[in-house]
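Student: Got a structure for you, written out below as C-alpha cells; questions coming shortly.
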Amino acid sequence: MAVLVLGLIAGFVVGLSFAGQGRIELPDAPAPTTSPTPPLAPGASSTGRDTVAPAAIPPSANARTVDSPLDPRVIDRMRRDGVLRVGVFGDSFGNGIWDALYRQLPKSDGFEVLKFAKEATGFTRYRTLDLEQRAREQLRQQPVDAAVISFGANDNQAVFADGHLHPLMSDGWKQFIGDRVDKFVAAVRSSGAVVYWVGLPVMRDAQLDADMQAMDSFYEEHMRRLGVPFIDSRPLTLDAEGKYNAYLPDLKTGKPALMRTGDGLHMIGVGYQRLTNGVAADLRRYAERVRQAAGRPALAAKPTGSGN
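In this text, residue positions in the sequence shown follow my numbering: the first is 2, and each later residue adds one.
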C-alpha cells in the first residue's frame, strides 16, 4: 500500500504542469531562438497554410546503440570513477522517466541518473526555455555517458516563426521544429553519450491521443534519420483489447495494477518503469561493456524489473 501511495504522489507531482490545461495557448510573437532558424521556403503563405511541397526525406542513419563502438570519452570517465552517468531530458513525462530509471539503475550498481528534465517545456516553447542551449549548459557542467529523452506532450500547438504562422504538423511546422529537434539531439550527443528517445503513452482523451500519435510519428521519423533508438510506448500502455486502461499487468506479478494518474495523461511510478524497463536493461549491458573497456571489475548482475 505504501508503494502505491508513493507512486500516486509521484505521478501527481510530475503531472501538475500539464493536467487540466487542455490545448496550449499560441504565442503572440515570434519565438526567439539562440540558433539560426531555417529560411521560409518560397511560396509559403502568410496565413499560415503552407503551399510548398515537403522537403525530400534524407536517408536513415545507422542506429547508434549500446552495442555500437564506445566513445573514448565515455571510457575515460568510467576509468576515473567507475560510474556510468545517465542524463534524462524531457518535460513532465521526462520527470517520470527520470524517477523510473533512478530506481531501476541505483548508485549501488554503479549508475548516477541525473534529472535534466523540466516540466512545461517543449520544442514549441523556446520563448520560455531554449532546450538546446540549456542542454549544452547542463552537459558542460556534467557530461553524461547515456541520455534518455521524452518530449512532445506540450508541443501540440502551432508555431509563429519568420513572420509566418505554421499550423501543427504542417510542412513549415515540421521544418522548423525538426531543425530544433536535430540540434537538440546533437547537443545531447556532444559528450559522447548514446541516446534513447521514449515515446508518449496512449492518452484517455481521443483528440489528445490523436495529437500525441502524430507527434510520436514525427519524432520517430527524426530519430530514425539521426540513428537514435525510439521506444514506442503505445503498445506498452494499451490493454488486451487495444484500448486505454489505467490498470495494466504488473511487470513482476502479471496481475492488473494501477499505472496511470487520474488525469488520463501521466503515469504513476510503476507505469513509467513499465516504459523504461527495456532501456534500463540495455543501459546495464552498456555499462558492463564500458567497465570492461575501462579495466574496471564487473559488478554482480541484478534484475531490472519494477523499481524499489
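Even for Gly, the Cβ is constructed at its ideal location relative to N, Cα and C.
Residues bridged to Ala241 by DSSP?
Tutor: For Ala241, which the question treats as bridged, DSSP gives no partner whatsoever.
Student: Going by beta-carbon coordinates alone, are Ala288 and Leu85 separated by less than 8 Å?
Tutor: Yes, these two residues count as a Cβ contact at 8 Å.
Student: Using 8 Å for Cβ pairs, my map puts Tyr245 next to Met204. What's the rounded Cβ distance?
Tutor: So it is a contact: roughly 7 Å between Cβ atoms.
Student: Do Val149 and Val75 count as a contact pair if the criterion is CB distance below 8 Å?
Tutor: Not a contact, by the Cβ cut-off of 8 Å.
Student: DSSP has Met268 in a bridge; who is on the other side?
Tutor: DSSP output for Met268 lists Arg261 as bridge partner(s).
Student: Can you tell which of Phe231, Gly193, Ile98 and Gln105 has its C-alpha closest to the C-alpha of His267?
Tutor: For His267, the nearest C-alpha among the options comes from Ile98.
Student: Is Phe161 helix, strand or coil by DSSP?
Tutor: Phe161: strand per DSSP, three-state reduction.
Student: Could you tell me which residues DSSP puts in a beta bridge with Leu86?
Tutor: Before going further, note that residue 86 is Arg rather than Leu in the sequence given. Partner(s): Glu113.
Student: Within the continuous beta strand (DSSP E) that includes Leu249, where are the two ends?
Tutor: Run containing Leu249: Tyr248 to Pro250, per the beta strand (DSSP E) assignment.
Student: Thinking just about the alpha-carbon of each residue, which of Asp110, Ile269, Leu115 and Lys256 is nearest to the one in Phe90?
Tutor: It is Leu115 whose Cα lies nearest to the Cα of Phe90.
Student: Are the CB atoms of Thr122 and Leu106 within a distance shorter than 8 Å?
Tutor: Cβ distance not < 8 Å, so Leu106 and Thr122 don't count as in contact.
Student: If we count Cβ pairs, one from each stretch, closer than 8 Å, do we get three or more for the stretch 68 to 83 versus the stretch 267 to 278?
Tutor: No contact exists between the stretch 68 to 83 and the stretch 267 to 278.
Student: To which residues of the same chain is Tyr273 closer than 7 Å at the C-beta, ignoring the five residues directly before and after it?
Tutor: Excluding positions up to five away in sequence, the list reads Gly97, Ile98, Asp100 and Ala101.
Student: Is it buried or exposed, Asn63, if we count other Cβ atoms within 10 angstroms and call 16 or more buried?
Tutor: That one is exposed.
Student: Using the C-alpha atoms, what's the distance from Asp72 back to Ala294?
Tutor: Taking the straight line joining both Cα atoms gives about 10 Å.
Student: Go through its chain and collect everything with a Cβ distance to Gly265's Cβ below 7 Å, but skip five positions before and after it.
Tutor: Taken in chain order, the residues that qualify are Met204, Arg205 and Asp206.
Student: When the Cα atoms are used, what is the spatial distance from Ala301 to Asp180?
Tutor: The straight-line gap from Cα to Cα measures roughly 42 Å.
Student: Can you pull the DSSP bridge partners for Ser151?
Tutor: Note: Ser151 sits in a beta bridge opposite Gly91.
Student: Below 8 Å on the Cβ atoms is my guess for Asn157 versus Asp212; work out the distance and round it to an integer in Å.
Tutor: Asn157 to Asp212, Cβ: 4 Å. Contact.
Student: Out of Val186, Gly243, Ala282 and Thr238, which has the shortest C-alpha to C-alpha gap to Asp68?
Tutor: Closest by alpha carbon: Ala282.
Student: Within this structure, are the beta carbons of Val229 and Val186 separated by less than 8 Å?
Tutor: Result yes, Cβ atoms of Val229 and Val186 sit closer than 8 Å.
Student: Could you tell me which residues DSSP puts in a beta bridge with His167?
Tutor: Per DSSP, Val160.
Student: Is Tyr197 helix, strand or coil by DSSP?
Tutor: The answer is strand: DSSP assigns Tyr197 an E or B state.
Student: Cα-Cα, which of Leu239, Met79 and Lys184 is closest to Arg135?
Tutor: Nearest option by C-alpha distance: Lys184.
Student: Quick one: residues in its chain with C-beta nearer than 7 Å to the C-beta of Ala292, no 5 flanking neighbours on either side, listed in chain order?
Tutor: As written in the sequence, residue 292 is Arg, which differs from the Ala given in the question. Within the same chain, Arg292 has close Cβ partners Met79 and Ala299.
Student: Cα separation between Met170 and Ala147?
Tutor: Cα-Cα distance, rounded: 30 Å.
Student: With Val186 as the anchor, note down where its alpha helix (DSSP H) starts and where it stops.
Tutor: Asp172 to Val189 is the extent of the alpha helix (DSSP H) around Val186.
Student: Please classify Pro43: is it buried, with 16 or more other beta-carbons within 10 angstroms of its beta-carbon, or exposed?
Tutor: With a pLDDT of 31 at Pro43, under the threshold of 50, the modelled position of that residue is not reliable, and no figure is offered here.
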